[in-house]
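**Student:** I am attaching a structure below and will ask some questions about it afterwards.
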Amino acid sequence: MADRQLSYREAINEALRLEMRRDPTVILMGEDVTGASQSADPAHLDAWGGVLGVTKGLVHEFGRERVRDTPITESAFVGAGVGAAATGLRPVVELMFIGFMGVCLDQITNQAAKMRYMFGGKARIPLVIRTMIGAGFRAAAQHSDSMYSTFVHFPGLKVVAPATPADAKGLLAASIRDDDPVIFCEHKLLYDVKGPVPEGEWVVPLGRADVKRAGKDVTVVAMSRMVSTALEAADQLAKDGLAAEVIDLRTLSPLDEDAVLASIRKTGRLVVVDEDNPRCSVAADIATLAATRALEYLNAPVQLVTAPHTPVPFSPALEDFYVPTPQRVVAAVHAAMK
Amino acid sequence: MDIGKDKLLWMYERMRLIREFEERLHADFAAGKIPGFVHLYAGEEAVAVGVCATLRDEDFITSTHRGHGHCIAKGVDVKAMMAEIYGRAGGACKGKGGSMHIADVDKGMLGANGIVGGGPPLACGAGLTAKVKGTDQVTVCFFGDGASNQGTTAEGMNLAGIWKLPVVFVCENNRYAETTSPDYSVSGRDIAARARGFGMPSVAVDGQDVLAMYEATREAVARARRGDGPSFIEAQTYRYYGHFEGDTIQYRTKAEEEFYRSRDCLERFRKTVLGQGLAREAELDAIDRRAKDAIEEAVRFAEQSPLPAPAQTLTDVYVSFPESQLWPFQTVTV
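Residue numbers (our numbering), protein chains in the order written: chain A, 1 to 338; chain B, 339 to 672.
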């Protein structure tokens, strides 16, 4: 792995920059992805570069034609992304927070997801919807959802949720090059997290999980920010003499079933850590996979560590209770070892 | 001017209270005392206050992410508001909603809203309730220049129009949706003109002038109460601070900020009422002092209010639901 350290934010920015250089049909659009588009004053150019600065600087290289501020009209610009993708562009659309999917869900689920199928395979929708997920930012109920499971549920969509800067760069490149619509979920608490990121061309194929830590005693499956929660738990468990294998799903649809099953066959025990609400979740999906395809290997019931079946609360005192912690993962692993 | 002195002083008191509330939050956020996203209403006080001065307690308002001013103008308790923004159990929403979802349904305040364009359909619903129940309650829908572009806003105006709902749409055009001006985002540039396309009366009003806002809204509210349907007001105003606290505001000029500050709604109100002899300076100064004290007391209340117990995370999701299913699949508790 490379020595160069980038933040998750910088890694995403670099992937966008490299893909836009590589392919002139890649365009970027969303709310204040540059900012102040009304102003000709150079001091106002790129006033924001995205609400948390992820797309900062791109307008200087690619201009406002390809890095395009939109009105706050999610149906219109997400839908325009679908239409542009169907007709020859490769748009990357920024849906600021995943909770805003509610404003534009038709364009994603009825249009983007179903077009190819309804048209008998005669359409391609090479669209990426980048969106922020996750609690822990004190951003309250409408700006803190994880909700990726909603999109996993829909045939026709692919869903990606990277946990590290290197994976963020490589998976975003793969998502942009992919010919199907991809929901690319960025956890806002990961933006400042640094890690080694390869320079230049770096593509991580969709649909492949990654063993972030090898172990023989228990399989811990996680995604997005919960990977670091699982790794912290694994450090603590190591002190108790337990070797946890931490599997980072990276792509939630398609799912790397083989990687999960192979690990379960090795360890015989499964814990899933998922920040999303538990009903019909990715966590529940992994448990179903284990129950249907690996029950004979399981030595104990599967343990799920998830958020509760509630919206995300505002108060830090409540939100810290809502988000899965390493302590809860450790307790779940001990329960799985019985 | 046929506004009683009591109402005039009430307007000034509410505007000052909003200003003090927001200035205090600005300082406390910078000091690291306030978690999360906070969007300040300072500069726009004349809009909320001029509008709400025409409403009754039983009337409804819908709000935006920039909702503190609407709350205070509609009579929500500032202590409960401050505690909410501090994330405390004594908050208006028990610490669950925070600044962006602050609400008090008992006061007719149907919630600050984190979704741009979330309010107009809700306002239609509140208007429908009044219509079906045969009350003369009115609903005011506050939204911004950004939301004026949303589909939900157009759909809401259309619905209110065809059903003659008692709704007053108040677009607070504060010049910026985040960093973006309606000069870029609003096709045709004339927000008030759009409403006329839905067949409702529509005016653009100087939103820095509380008396102008009051007059325009009074007419619209009277029309709604009579059952003659919705109206639209574009309030042309300005926010003094950034989109949210922490915004470094690199998208507008100092000269522009100074221009709008020179038209400050509180200063203008003082000049007008003192100039016309409608109130004495000492009366206004006393209101200023009381507002300062009220905000001091609100902060004390917030700081002394306990944090909510973690188990409160699991309450208020439903009116009724099996408790065991509020955290399904959990076999271990930590």
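Even for Gly, the Cβ is constructed at its ideal location relative to N, Cα and C.
Going along chain B, which residues have a C-beta under 8 Å from alanine 294 of chain A?
**Tutor:** In chain order: nothing, as chain B lies at least about 18 Å away.
**Student:** Tell me whether isoleucine 500 of chain B is buried or exposed, calling it buried when 16 or more other Cβ atoms sit within 10 Å of its Cβ.
**Tutor:** Counting every other CB atom within 10 Å of its CB across the protein chains shown gives isoleucine 500 of chain B a total below 16, marking it as exposed.
**Student:** Between arginine 342 of chain A and chain B, is the shortest Cβ-Cβ distance under 8 Å, so that the two count as touching?
**Tutor:** The first residue shown for chain A is 1 and the last is 338, placing residue 342 of chain A beyond what the model contains.
**Student:** Once you ignore the five residues that flank glutamate 661 of chain B on each side, which residues in its own chain have a CB closer than 8 Å to its CB?
**Tutor:** Leu652
**Student:** What do you reckon, is the C-beta of glutamate 257 of chain A under 7 Å from a heavy atom of the ligand FMN?
**Tutor:** Questions concerning the ligand FMN fall outside what the structure shown contains, since it holds no ligand whatsoever.
**Student:** Curious, which full-length alpha helix (DSSP H) runs of at least 4 residues does the segment 144 to 191 of chain A contain?
**Tutor:** 148 to 152 and 165 to 177
**Student:** Compare the Cα-Cα distances from phenylalanine 398 of chain B to each of B/Asp474, B/Met419 and B/Gly428 and report the closest residue.
**Tutor:** B/Asp474
**Student:** For the alpha helix (DSSP H) that asparagine 512 of chain B lies in, which residues bound it at each end?
**Tutor:** Under the DSSP assignment, asparagine 512 of chain B falls outside any alpha helix (DSSP H); it carries neither an H nor an E label.
**Student:** Check the Cβ of glycine 35 of chain A against every Cβ in chain B and list those closer than 9 Å, keeping chain order.
**Tutor:** Glu516, Thr517, Thr518, Gln588 and Tyr589
**Student:** Who are the neighbours of histidine 143 of chain A on chain B, taking C-beta pairs under 8 Å?
**Tutor:** Phe375, Met438 and Gly452
**Student:** If I measure Cβ to Cβ from arginine 9 of chain A and keep anything under 8 Å in the same chain, skipping five residues before and after, which residues do I get?
**Tutor:** Leu52, Gly53, Val54, Tyr191 and Asp192
**Student:** Under 8 Å between C-beta atoms, does valine 670 of chain B make it to chain A?
**Tutor:** yes
**Student:** Select from A/Asp320, A/Met337 and A/Leu231 the residue whose C-alpha is nearest the C-alpha of proline 373 of chain B.
**Tutor:** Considering only alpha carbons, the answer is A/Asp320.
**Student:** Indicate whether lysine 469 of chain B and leucine 503 of chain B have their beta-carbon atoms separated by less than 8 Å.
**Tutor:** yes
**Student:** How would you label aspartate 274 of chain A, buried or exposed, when you count the other beta carbons within 10 angstroms and need 16 or more for buried?
**Tutor:** buried
**Student:** Work out the CA separation of leucine 95 of chain A and alanine 234 of chain A for me, nearest whole Å.
**Tutor:** Near 34 Å, if we compare the C-alpha coordinates of leucine 95 of chain A and alanine 234 of chain A.
**Student:** Using a Cβ-Cβ distance cut-off of 8 Å, determine whether threonine 651 of chain B contacts chain A.
**Tutor:** yes
**Student:** According to DSSP, which residues form a beta bridge with methionine 132 of chain A?
**Tutor:** The partner list for methionine 132 of chain A (beta bridge, DSSP) reads A/Phe97 and A/Glu186.
**Student:** Output, in chain order, the set of chain A residues within a Cβ distance shorter than 8 Å of phenylalanine 667 of chain B.
**Tutor:** Pro278, Ala283, Ala284, Ala287, Leu304 and Thr306
**Student:** Using 8 Å as the limit for Cβ to Cβ distance, is isoleucine 125 of chain A near chain B?
**Tutor:** no
**Student:** From lysine 216 of chain A to glutamine 588 of chain B, what distance separates their C-alpha atoms?
**Tutor:** 53 Å
**Student:** Take asparagine 487 of chain B as the anchor and find which of B/Arg527, B/Ser600, B/Val655 and B/Ser437 has the nearest alpha-carbon.
**Tutor:** B/Arg527
**Student:** What residue range does the beta strand (DSSP E) around valine 246 of chain A cover?
**Tutor:** Residues 244 to 248.
**Student:** Relative to the alpha-carbon of glycine 457 of chain B, which residue among B/Ala492, B/Ala558, B/Gly428 and B/Gly429 has its alpha-carbon at the smallest distance?
**Tutor:** B/Ala492
**Student:** If we ignore side chains and look at the alpha-carbon of each, how far apart do leucine 18 of chain A and arginine 563 of chain B end up?
**Tutor:** 59 Å
**Student:** Could you tell me whether the segment 397 to 413 of chain B touches the segment 352 to 364 of chain B, where touching means 3 or more Cβ pairs closer than 8 Å?
**Tutor:** yes
**Student:** Could you check what DSSP says for phenylalanine 480 of chain B in three-state terms: helix, strand or coil?
**Tutor:** strand
**Student:** Alpha carbon to alpha carbon, how far is glycine 463 of chain B from valine 506 of chain B?
**Tutor:** 13 Å
**Student:** What residue from A/Asp46, A/Phe151 and A/Ala163 has the CA that sits closest to proline 181 of chain A's CA?
**Tutor:** The alpha carbon of proline 181 of chain A has as its nearest neighbour, out of A/Asp46, A/Phe151 and A/Ala163, the alpha carbon of A/Phe151.
**Student:** What do you reckon, are the CB atoms on arginine 577 of chain B and tyrosine 522 of chain B nearer than 8 Å?
**Tutor:** no
**Student:** How many whole angstroms separate the CB atoms of glycine 381 of chain B and tyrosine 552 of chain B, which I take to be in contact at a CB cut-off of 8 Å?
**Tutor:** At roughly 18 Å, the Cβ-Cβ gap does not stay under 8 Å, so glycine 381 of chain B and tyrosine 552 of chain B are not in contact.
**Student:** Show which residues of chain A have a CB atom less than 7 Å away from the CB atom of leucine 645 of chain B.
**Tutor:** Ser315 and Ala317
**Student:** Under 8 Å, Cβ to Cβ, is there at least one residue of chain C near glycine 381 of chain B?
**Tutor:** Looking for chain C here will not work: the only protein chains present are A and B.
**Student:** Given a cut-off of 8 Å on the beta-carbon distance, is the pair phenylalanine 154 of chain A and leucine 172 of chain A in contact?
**Tutor:** Going by C-beta atoms, phenylalanine 154 of chain A is not nearer than 8 Å to leucine 172 of chain A.
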